[in-house]
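Trainee: Line order of the protein sequences matches chains D and P. The numbering used here numbers the first residue of the first sequence as 60 and each following residue consecutively. The numbering used here numbers the first residue of the second sequence as 71 and each following residue consecutively.
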Amino acid sequence: MATATATLPTATRRKRTSLAAANPITYVIAFLFVGLCIGPVIYIILGGFRTNAQITADPSGFPSPFRLGNYSEVLSSSIFWRQVSNSLICGVFTTLGVVVLGVAASYVLARYKFSARGALYSLFAAGLMFPMTVAITPLYIMIKNLGLMNSLGGIILPQIAFALPTTIIILVPFLRAIPKELEEAASIDGASRLGFFFRMVIPLAVPGVVTVGILAFVASWNSYLLPLFILNNETSYTLPLGVQSYASQWSVDTARVLAFTSLSMIPALVFFSLFERRIVGGLTGAVKG
Amino acid sequence: MSDSQRESSLTSQMSPEGRTAAGVGASTAPSPARRAGRRGGEWRKRLEIALLTGPAIIVFLTFVIFPVIMAAYYGFYRWKGFGPPTDFVGLGNYLIIFKDSSFHEALMHNGFIVVLSLVIQGPAAVALALLLNQKMRGRSLIRVLIFVPYVISEVIVGTGWSLMLQTTGAVNDLLTKMGLAKNAVDWLSDPKIAIWSLMIIISWKYIGFAVILFLAGLQSIPEELFEAAAIDGASYWQMQRRITLPLLGPTIRIWAFLSIIGSLQLFDLVYIVWGQYVASTAGTSTMATYMVQNGRNAGNYGYGNAVAVVLFLISLAIALVYQRFVLRRDTEGALTEGKK
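#1: What residues match up with Arg148 (chain P) in a beta bridge as DSSP calls it?
#2: Can you tell me whether Arg398 (chain P) is buried or exposed? The criterion is at least 16 other CB atoms within 10 Å of its CB, across all chains shown.
#3: For chain P, is any of its Cβ atoms less than 8 Å away from the one on Ile97 (chain D)?
#4: Apart from the five residues just before and just after Tyr171 (chain D), which ones in its own chain have a Cβ nearer than 6 Å to its Cβ?
#5: Put Ser101 (chain P) into one of helix, strand or coil per three-state DSSP.
#6: Buried or exposed, going by whether 16 or more other CB atoms sit within 10 Å of the CB of Pro124 (chain D)?
#7: Can you list, in chain order, the residues of its chain with a C-beta nearer than 6 Å to that of Ala176 (chain P)? Leave out the 5 residues immediately preceding and following it.
#8: Near Leu186 (chain P), which residues of its chain fall below 6 Å by C-beta distance, leaving aside the five closest residues on each side in sequence?
#9: Note the first and the last residue of the continuous alpha helix (DSSP H) segment covering Thr110 (chain D).
#10: Under 8 Å between C-beta atoms, does Arg353 (chain D) make it to chain P?
#11: Can you pull the chain D neighbours of Ile330 (chain P), defined as C-beta to C-beta under 9 Å?
#12: Is the beta carbon of Asp256 (chain P) closer than 8 Å to that of Ser119 (chain D)?
#13: Cα separation between Thr270 (chain D) and Ser295 (chain D)?
#14: Tell me the residue span of the alpha helix (DSSP H) that contains Lys312 (chain P).
#15: Can you list, in chain order, the residues of its chain with a C-beta nearer than 6 Å to that of Phe139 (chain D)? Leave out the 5 residues immediately preceding and following it.
#16: Could you tell me which chain P residues have their CB closer than 7 Å to the CB of Phe334 (chain D), listed as they occur along the chain?
#17: Mapping DSSP to helix, strand and coil, what is Val311 (chain D)?
#18: Is the shortest distance between the beta-carbon of Asn292 (chain D) and the beta-carbons of chain P less than 8 Å?
#19: Looking at the secondary structure, which residues open and close the alpha helix (DSSP H) in which Asp260 (chain P) lies?
#20: May I have the straight-line CA-CA distance separating Gly267 (chain D) from Leu295 (chain P), to the nearest angstrom?
#21: Comparing the C-beta of Pro137 (chain P) with each C-beta of chain A, is any distance below 8 Å?
#22: What residues of chain D sit near Tyr371 (chain P), judged by a beta carbon separation below 9 Å?
#23: Under 8 Å between C-beta atoms, does Gln142 (chain D) make it to chain P?
#24: Once you ignore the five residues that flank Leu317 (chain D) on each side, which residues in its own chain have a CB closer than 6 Å to its CB?
#25: Are the stretch 136 to 153 of chain D and the stretch 199 to 207 of chain D touching, with three or more C-beta to C-beta distances below 8 Å?
#26: Can you tell me whether Lys203 (chain D) is helix, strand or coil according to DSSP?
#27: Quick check: is the beta carbon of Met188 (chain D) nearer than 8 Å to any beta carbon in chain P?
#28: Compare the C-beta of Phe92 (chain D) with all C-beta atoms of chain P and state if any pair is closer than 8 Å.
#29: Among D:Pro224, D:Leu127, D:Asn145 and D:Pro99, which residue has its Cα nearest to the Cα of Val157 (chain D)?
#30: Measuring only the C-alpha atoms, how far is Leu328 (chain D) from Val221 (chain P)?
#31: Would you tell me roughly how many angstroms separate the C-alpha atoms of Val380 (chain P) and Ile273 (chain D), rounded to the nearest one?
#32: Counting contacts by CB-CB distance shorter than 8 Å, is Gly239 (chain P) in contact with chain D?
#33: Under a CB-based cut-off of 8 Å, is Gln204 (chain P) close to chain D?
#34: Within this structure, are the beta carbons of Thr313 (chain D) and Ile114 (chain D) separated by less than 8 Å?
#35: Any beta-carbon of chain D closer than 8 Å to the one on Asp170 (chain P)?
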């Protein structure tokens, strides 16, 4: 007994210290792994600062001297900004649509009791099994018949629809967790269910909404398949299509392609580093939930 | 009946004090005020439900469910995409798919990618997550950096890697400088190598996601378990084998599920790096690139839809089998938890 109590603190401490002092090998491996992860990204960014002659002479070298020419050329081209604004419009409206429709539907699924509730939830959850790849051809025909070809609306509407399942699956448990007592207190104070929704649920749901909003925005910013089918002329391209067409158009001008590519990933990177915790939390939460 | 009607008319005229009284009652019995106003309330509730869920249901049915159903319908026709389909061929499109050797190749590539993604990324990501799950300097920065490849778009990844993997590109140059390769490797067009290049790109893009997921899973394992094991004299490796891996199991199984489905539907990276024509000769075509190439690009919309249906059924079958045999334990746990 005495020995057991004596060994207990040392054992715990030994374990704690082994956690605390990650040994040098750990740092080396972690450093290598991080290097592998961001190496190609750094290559793209640095490559934009080089000239084609530099890249041909020494493909994996550093820029010497640094040239800003590629970046300033891309930044002064109207087509780049046109595509940035197209991507922004798609991202913002997709996010807005997903948030508005998703919160409203999730609220009902989380807090109303009605007979079709289970079926409705299953319907949206089943949406996870229908990736856009399967639906893309009929979707393309439908968008064409609706006269939405080459318009951003033809991108935004399907993107909202395909983002709804994830949104609802993340938001329903979140909204269900709002205590029943709050709703009762609100109804005592004379709020209707809708009043409760607008005055209490929406402010309380902000963290969950931010998560699903960011997921929707990043997905829209990066989406490729749908714009590839729907957008056929360069002025309506979003950035991913723009990068691809730029890369084939200027295939001999590698440095300029690299500059264009790295500029087009800046918004996603900035957005991500600002909201890293929420994105990671949302993704892991969605997967676990 | 008449009683409840009277009550309902009462509640509608109630003063704030009256509401308070009803509310106090609500905390003991399931809200009599609402039950009292059932008739008007029921309609109001239905209206609210319709109003709040209506737009989402309409958008979802129109742009997700309807196209999927139409894919199944168009798949039975030979159809160029103009006007309504009239040339009904029954299962003709499907017969062509099952006889087409380039579809077989695409299917095999998909299978290869599914297996190798699991085999390469799984163990590596578990090891890295264990390694990074220590109190070390710059931990949060490391987490951000390893997640970067997952966040940037497939197009950027594809464009960047295809430039780096050119025969005169940065990767070959680096290997030569380090003395690891004598001759330039033909990463992208040699059919023996191209699919491995694809695996490098896929692993690079998606391993950060697996690591982050496993790190989240590791953090939900209670510290006390390791303390108890340490008291019992368990070594580090015994603890990882007996505690960490089993408790990380659900996370690993979910990750594997996502990885399998993602590998089956792989499109963007292949299409961007290898373009629409080279993918099949380089041996990297997938079912999805086959679908786009033989469907939309060739103008055979009926056929493209039939490929989509096959792709969907294969994914669905694998998903169902996986859920039935692998995820069952986990979902059972989740269900009982939910009922409680």
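C-beta: ideal position from N, C-alpha, C; glycine also.
Mentor: Put simply:
#1: As a working mapping, residue 148 (chain P) is identified with position 78 in the second sequence. For Arg148 (chain P), which the question treats as bridged, DSSP gives the partners P:Asp157.
#2: Along the second sequence, one-based indexing puts residue 398 (chain P) at 328. Answer is exposed; the Cβ neighbour count stays below 16.
#3: Indexing the first sequence from 1 puts residue 97 (chain D) at position 38. It does; some Cβ of chain P falls within 8 Å.
#4: On the first sequence, residue 171 (chain D) is found 112 positions in, with the first residue counted as 1. If we look at Tyr171 (chain D) and ignore the five residues flanking it on each side, it has no Cβ neighbours.
#5: Position 31 of the second sequence, counted from the start, is the residue given in the question as residue 101 (chain P). Caution is warranted here: a pLDDT of 47 is assigned to Ser101 (chain P), below 50, making its placement in the model unreliable, and the coordinate value is therefore given only provisionally. Ser101 (chain P) falls in the coil class under three-state DSSP.
#6: Position 65 of the first sequence, counting from 1, holds the residue named residue 124 (chain D). The residue in question, Pro124 (chain D), is exposed, as its Cβ has fewer than 16 Cβ neighbours within 10 Å.
#7: Residue mapping note: residue 176 (chain P) aligns to position 106 of the second sequence, counting from 1. Contacts found: Ser355, Thr356, Met357 and Tyr360.
#8: Walking along the second sequence from the start, residue 186 (chain P) turns up at place 116. So the qualifying residues of the chain are Met269.
#9: For the purposes of this step, residue 110 (chain D) is taken as residue 51 along the first sequence, with counting starting at 1. From DSSP, Thr110 (chain D) is part of no alpha helix (DSSP H); its letter is neither H nor E.
#10: This structure cannot settle anything about residue 353 (chain D), because the visible part of chain D is limited to 60 through 348.
#11: The count along the second sequence starts at 1 and reaches residue 330 (chain P) at position 260. Under the 9 Å cutoff, chain D gives no residues; its nearest Cβ is about 13 Å from Ile330 (chain P).
#12: Residue mapping note: residue 119 (chain D) aligns to position 60 of the first sequence, counting from 1. Residue mapping note: residue 256 (chain P) aligns to position 186 of the second sequence, counting from 1. In this structure, Asp256 (chain P) does not lie closer than 8 Å to Ser119 (chain D) by Cβ.
#13: Sequence index remark: in the first sequence, residue 270 (chain D) carries index 211 (1-based). Sequence index remark: in the first sequence, residue 295 (chain D) carries index 236 (1-based). Going from the Cα of Thr270 (chain D) to the Cα of Ser295 (chain D) covers about 28 Å.
#14: Taking the first residue of the second sequence as position 1, residue 312 (chain P) is located at position 242. As written in the sequence, residue 312 (chain P) is Arg, which differs from the Lys given in the question. First-last for Arg312 (chain P): undefined, no H or E at that position.
#15: Translated into positions along the first sequence, residue 139 (chain D) becomes position 80. Counting only Cβ-Cβ distances below 6 Å, and skipping sequence neighbours, we find Val133.
#16: For the purposes of this step, residue 334 (chain D) is taken as residue 275 along the first sequence, with counting starting at 1. Within chain P, no residue comes near Phe334 (chain D); the closest Cβ sits about 10 Å away, beyond 7 Å.
#17: Stepping through the first sequence from its first residue, residue 311 (chain D) is reached at position 252. Coil.
#18: In the first sequence, the residue the question calls residue 292 (chain D) occupies position 233. Answer no: the Cβ-Cβ gap between Asn292 (chain D) and chain P never drops below 8 Å.
#19: Mapped onto the second sequence, residue 260 (chain P) falls at position 190. Here Asp260 (chain P) belongs to no alpha helix (DSSP H), and DSSP marks it neither H nor E.
#20: As a position in the first sequence, residue 267 (chain D) is number 208, starting the count at 1. As a position in the second sequence, residue 295 (chain P) is number 225, starting the count at 1. Approximately 31 Å between the Cα atoms of the pair.
#21: Considering every chain present, this structure includes no chain A. Its protein chains are D and P.
#22: The residue labelled residue 371 (chain P) in the question sits at position 301 within the second sequence. Those are Thr196, Pro197, Tyr199 and Ile200, listed as they occur along chain D.
#23: To locate residue 142 (chain D), count along the first sequence from 1; it is residue 83. No, because no Cβ of chain P sits closer than 8 Å to the Cβ of Gln142 (chain D).
#24: By one-based count along the first sequence, residue 317 (chain D) stands at place 258. Once the five neighbours on either side are set aside, the close Cβ partners of Leu317 (chain D) are Ile103, Gly106 and Gly107.
#25: no
#26: Residue numbering aside, residue 203 (chain D) sits at position 144 when the first sequence is read from its first letter. Lys203 (chain D) falls in the helix class under three-state DSSP.
#27: As a first step, residue 188 (chain D) is located in the first sequence; it is residue number 129 there, counting from the start. Chain P contact via Cβ: present.
#28: The sequence position of residue 92 (chain D) within the first sequence is 33, counting from 1. Closer than 8 Å: yes.
#29: Here residue 157 (chain D) refers to the residue found at position 98 of the first sequence. The residue with the shortest Cα to Cα distance from Val157 (chain D) is D:Pro224.
#30: Locating residue 328 (chain D) in the first sequence gives position 269, counting from the first residue. Locating residue 221 (chain P) in the second sequence gives position 151, counting from the first residue. C-alpha separation (whole angstroms): 7 Å.
#31: Position 310 of the second sequence, counting from 1, holds the residue named residue 380 (chain P). Position 214 of the first sequence, counting from 1, holds the residue named residue 273 (chain D). Rounded to the nearest angstrom, the two C-alpha atoms are 33 Å apart.
#32: The residue given as residue 239 (chain P) occupies position 169 in the second sequence. By this cut-off, Gly239 (chain P) is an interface position.
#33: Position 134 of the second sequence, counted from the first residue, corresponds to residue 204 (chain P). Answer yes: the Cβ-Cβ gap between Gln204 (chain P) and chain D drops below 8 Å somewhere.
#34: Here residue 313 (chain D) refers to the residue found at position 254 when the first sequence is read from its first residue. Here residue 114 (chain D) refers to the residue found at position 55 when the first sequence is read from its first residue. Yes; because the gap between Cβ atoms is below 8 Å, this pair is in contact.
#35: Position 100 of the second sequence, counted from the start, is the residue given in the question as residue 170 (chain P). Closer than 8 Å: no.
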